[in-house]
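Okay, so here's the structure we're looking at.
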Amino acid sequence: MDKILQRLLQTIPVLIGISLIVFSLMHLAPGDPVEIMLGEVGYVSQEDIELIRAELGLDRPLPQQYFSFVAGILRGDWGTSLRARVSVKELILERLPATIELTFAAIVVSLIIGIPAGVLSAVRRYSWLDKLGTLVALVGISMPQFWLGLTLILVFSVGLHLLPGGVRLAFDIPAPPTVTGLLLVDSILAGDWAAFWGALRHLALPALTLGAPMSALTMRVTRSSMLEVIRQDYVTFAKAKGVKELSVVIKHALRNALIPIVTVVALNMGSLLGGNMIVERIFSWPGLGQLVVDSIRTYDYPVVQVAVMVYALTYVAMNLIADLLYMRLNPRVRI
Amino acid sequence: MNRYAARADEFVIAETLKQKLLRALQRTIGNIQEFWRLYRKNHLAVIGGAVVLIFISLAILAPYVTSHDPEAPNFRAIRRPPVWSKEGSWTYPLGTDHLGRDIWARIIYGARISLFIGFVVVGFATMIGVALGLISGYYGGRIDAVIQRVIDTLLAFPYLILATALVGVLGPGLRNIVLALLYKEWVYPCRVVRGEVLAAKEQEYVEAARTVGASSRHVMFKEILPNVLASTVVVSTLRVGSVILMEASLSFLGLGVEPPTPAWGSMVAEGRRFINTEWWISTLPGLAIFLTVLGINLMGEGLRDALDPKLRE
Amino acid sequence: MRKHILVLLLVCSLIVGIGILGEAKTLVVGMHDDLAALDPADFSHRETESMLRQVYEGLSTYMPSREIHYELAESIEPIDDTTYEIRIREGVKFHDGTPLTAEDVAFSINRLIKPGAMAGRTSQRRGLMGPTKEAVVVDEHTVHVKLENPWPLFPRFIPWQMIVPSTVGDGYITEPVGTGPYMFEEWVRDSHFSVSANPNHWRGKPSIDKVVFRVIGDESARVSALRAGEIDIATMIPVHEIPALEADPNIEVLSVLGTRSYFLEMNVNKPPFNDVRVRQAMNYAVDIDTLIEVLYEGRATRIPFILSPQAFAYHDGLPFYEYNPEKAMQLLAEAGYPNGFEFELDVVDTHRARAEIYQAMLAVVGINAKIRTWPTVSAMRDAWMQAKHKPAEEQRDALLTDWGNASLDPFDIFIPKCHSDASGLGRSNYSGYSNPEVDRLLESTLTSSFDEERRAAFLKAQEIVHGDVPMVFEFVAHEIYGIRNRVKNFQPSPDGRLHLWAVDIE
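What follows is the structure, given as structure tokens:
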């Protein structure tokens, strides 16, 4: 119990650190927010500019702005975008489902590719298949995601006209009524198979791009934890009983190797989320990653602050959950 | 003590020194041979090393490999196709970009930026990370807690987002990119070193050194550091690939080195407009990034196998 | 078996889907940018106006020919130096059925100019209202607009504003209800904005039942969508895609001279650009025709100053600084820079190719331009704003920029760029150019009630500034639209307005 409490306490300085970094980053940034709002309006007096500055609360001292920023975050009042002039909360909640859907699709891709490849590599250890697997995994983590995305678009969209190279759903297919915001789930709930198929096709290339490095990782973890399990007695025992090799592998080894795989996948959600900045940009995917890039570029700092907070907090939460689960499962673990 | 005896003493000292040096040299050569024997077994690692070597030599010898100025536009040769296409010619082996600059020249000069940033960032990060990792792991306690919380905080930010925001604040340019990447990069060697130190502390030879009364600095640098070096080298090599990818991503987002200096990521970004019409402008520089990073990663794997067998599996 | 049912279901739903689409006439427009907001008083963004204008109307509007046509007004006439009388069209109804009254018009105007009128915030469009003081209701169909001082531009600037019902109160509009030819259906940010025909429009029901504006920011994707027939009209076609589009028998490429002027501003208060000969040399050293050829394959119109040839008071007698590197070097030598000099060239990231062309051309005469890229225009402008208050040697050197002049009146390009008052009229004068004679002439155009007086003042001012060359004058780019052949009666406008009431599809 103490350990859990200690682990929870550890997150407090981290949360404070995150909020400080986020706040200071955007306040050090060049670009006067009032100028950003006004854009190319030709005829604005200095008084008007001061007026808007006061309306935005930008005339107050920095520490005061920081505390009202933190208080706002805690209260659920996340401020207003300078560019879109809607509440940041609305903007982010609007973008979140697209990112979640893409992230989960990428995880699924990585599991579909990574687990069988890892199992195969482990079972046929040191064979040419294993070596090929290692090479392919390295290829997966060595490709710049923007290049992989562009190449997939070039081949499958521009060249073969097989799969769409952008956005979430073709326009001529009406979107299913929004329940979760995840198009695949919503279209199943609505029984709208045209939308489901459309959304799936649109998801294919971005999910593959985002999932590629993740697949490599999943494959390697699967391989090593499989090897560990295979070495253990009960597998040898099962083999000795004459059970066919493949069924041994699947029934016994994989089931036991799954725990570390799931942990690694969960822990890498964070880095996966970071990659979506690039992938969403390439595929015009209306998610959080694109919002962050656009907002950083336009110095729309209320949006950047909160969006980066969302990323960081997701990471902290995933880490915490993984650690606590681990402690629960394995009380001897120390941190 | 007479002169001769002194001379003889000197001679003996010189001889032992010579022998010591010789033995050390032999040991080093032996180590290198042993290392090479292990490394060579991994064919992919050899290929990867060769690819990296080729890119490094191309970067260094760039002016001798192409006669084109990578930054000079030719307004009469815009968006020419590569040599293997019907209208291609050997004047521009990989074609030209939207300003008529030779893509081959830009790729090999671009290697300078990518490799420079990769090695410099990882170099500095390793120095910072090793120092902090040793301190953190060896002393533990409050100082360890502070360093670990800072690391946790930095790890919570996706790397690219943090780097993008930092370059946004600092402004573009080589120096600022290096700083923005260093901001988080030191965390990785630091964690590895700390882990190794914690493991080493448990081991007998450190215990022994301590009971003999060796100073903590002595223990840290003479006993622990050499043992963590192998894993640091492996991790750092693999990190070079990641940093190169990161720099390419920053350049792709328009936050790279200033034009007209060629950088691979910005070449892909600039060529992206022409993906429907002239695919090579964006595809070929991307291929260069991919090959370089793959080479480095293959090399890192080979190093891991050769230097640190216990890191395998 | 289950698989077969699935396939069957899929086919059925597809057929049903196509059937539904076949009934209504839907026009799909591929936009390069999304709306900024749904409130017609809360944006300063051209594409937002293009789309919101389907739902809302102004008192008047600009036609593709640049003529002003009345929409909700029947007349806008001055009754004295500082008062305009607006007669409002009768029988116009908002989409919810309530009739348009003078109160709505007065409310809409006051909402734009009163500080804090929208949820405590002030409209960003206030600047476009000039010295407008107040609108008052005279009777059910008449509104008087009071000005602080005489402002003859009022009728030319009122087409930039839209009329909203007075029922919106003091908040923001999130559910647009206007009088326009189309009624708001839905806006999914970064996806689409869709509207359906208003059967009760005062000009009659439009021929198209539904218009959908799809946001496709990526230009290659936009072109692909047009070629695939997923969209009927695509905005902002990049020039390198034109040959393939023209070869497609189903697609027509339309082009219109835009309203955005491109130029380089040089800091006239800091060496070396404080010497007029250096600034002239810059103009001679950059080959604008080649620049246009490389960047736009010729689809841009060179300008001798910063005004578009379509602008009011455009001076057609001003000569171009024709490309002449020898003359440039000679001028540099006279100015004391026989070996050239080095300076920092600021540019927005998206215009880096333009800066690289400058750099290559300037290198020929010995000038070394070091490029500094900025992620956005606002960041670059802000850096210049801050530097303005510093001593000259700490200021920045030159910036490569552009300025939208959608009104095509020099008022909102010439004055902000060339008036010397950096915190007032010359808010965007980054070159630091200051000439009392030019200031006087520009100020006189603000209060003069006569077009001819204004024209004369602008022409004179243009001659002076053209001689002082605080800028390298470049071009106005053409805007290129791609349309499917089934679209009839579509005409692009220089200012990005999309007049869709008369457009039909086969």
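Chains as they are written, first to last, in this note's numbering: chain A, 6 to 340; chain B, 257 to 569; chain C, 71 to 576.
Glycine residues also receive a C-beta, built at the ideal position from the N, C-alpha and C atoms.
Could you please give me the residues that DSSP links to residue i through a beta bridge?
i      : result
N438/C : E412/C
K216/C : T153/C and E204/C
W444/C : V418/C
L469/C : E335/C and D416/C
K163/C : P169/C
L541/C : As written in the sequence, residue 541/C is Met, which differs from the Leu given in the question. For M541/C, which the question treats as bridged, DSSP gives the partners E335/C.
P515/B : Bridge partners of P515/B: none, in fact.
R554/C : I321/C
With distances taken from CA atoms, which of the options is nearest residue i?
i      : options                           : result
A318/B : R293/B, W346/B, W360/B and N298/B : W360/B
G138/A : L153/A, Q150/A and G119/A         : G119/A
E99/A  : A312/A, A327/A, A322/A and M332/A : A312/A
N219/C : E576/C, H139/C and T517/C         : T517/C
W520/B : L543/B, T533/B, I312/B and A562/B : L543/B
A618/C : V258/C, S277/C and T329/C         : With chain C covering only 71 through 576, there is no way to say anything about residue 618/C.
G154/A : S505/B, L454/B and I285/B         : S505/B
A492/C : P408/C, H459/C and V162/C         : H459/C
V496/B : L438/B, L540/B, A525/B and G469/B : L438/B
F413/C : K340/C, Q456/C and R451/C         : K340/C
For residue i, does the count of other Cβ atoms within 10 angstroms reach 16, so buried, or fall short, so exposed?
i      : result
A280/B : exposed
P169/C : exposed
S252/A : exposed
L91/C  : Confidence at L91/C is low in this model, with a pLDDT of 49, below 50, so the placement of that residue should be treated as unreliable; the coordinate-derived value is given next. Result: exposed.
G196/A : exposed
H324/B : buried
Q11/A  : exposed
K440/B : buried
E463/B : exposed
Y131/A : exposed
F201/A : buried
H536/C : buried
R568/B : Note that R568/B scores 44 on pLDDT, short of 50, meaning its location in the model is unreliable; the coordinates nonetheless yield the value given after this. Flag for R568/B reads exposed.
I550/C : buried
D64/A  : exposed
S501/C : buried
E464/C : exposed
P235/C : buried
Which residues in chain A sit within 7 Å of residue i, going by Cβ to Cβ distance?
i      : result
A291/C : G170, G171 and S289
G424/B : A34 and I301
D260/C : P291
Give me the chain C residues within the contact set of residue i, using Cβ-Cβ distance strictly less than 7 Å, ordered along the chain.
i      : result
H354/B : A423
N553/B : Those within 7 Å of N553/B in chain C number zero; the least Cβ separation is about 30 Å.
E514/B : I441, R442 and T443
T328/B : Residue identity check: residue 328/B is Ala in the sequence provided, not Thr. What A328/B touches in chain C: A430.
I57/A  : T192
F331/B : T360 and V364
Name the chain C residues that come within less than 9 Å of residue i, Cβ to Cβ?
i      : result
L210/A : Those within 9 Å of L210/A in chain C number zero; the least Cβ separation is about 12 Å.
D53/A  : P185, T192, R196 and G197
Y304/A : P445, T446, S448, A449 and D452
Residues of chain C with CB closer than 8 Å to the CB of residue i, please, in chain order.
i      : result
R88/A  : A106
T488/B : The premise fails here: T488/B is roughly 36 Å from chain C at the closest Cβ pair, so nothing lies under 8 Å.
Give the residues of chain B in contact with residue i, contact being defined as C-beta atoms less than 7 Å apart.
i      : result
F161/A : Those within 7 Å of F161/A in chain B number zero; the least Cβ separation is about 13 Å.
Report the neighbours of residue i on chain A: residues whose CB is nearer than 8 Å to its CB, in chain order.
i      : result
D288/C : G171 and S289
Stretch pair the region 373–383 of chain C + the region 470–479 of chain C: three plus CB contacts closer than 8 Å: The region 470–479 of chain C and the region 373–383 of chain C touch, with three or more beta-carbon pairs separated by less than 8 Å.
With three or more C-beta pairs closer than 8 Å as the rule, is the region 300–308 of chain C touching the region 504–514 of chain C? no
Touching by the beta-carbon criterion (3+ pairs, under 8 Å), the region 309–322 of chain C and the region 441–461 of chain C: no
Any chance the region 420–435 of chain C sits against the region 302–312 of chain C, with 3 or more Cβ pairs inside 8 Å? no
Do the region 511–521 of chain B and the region 413–427 of chain C touch if we need at least three Cβ pairs shorter than 8 Å? yes
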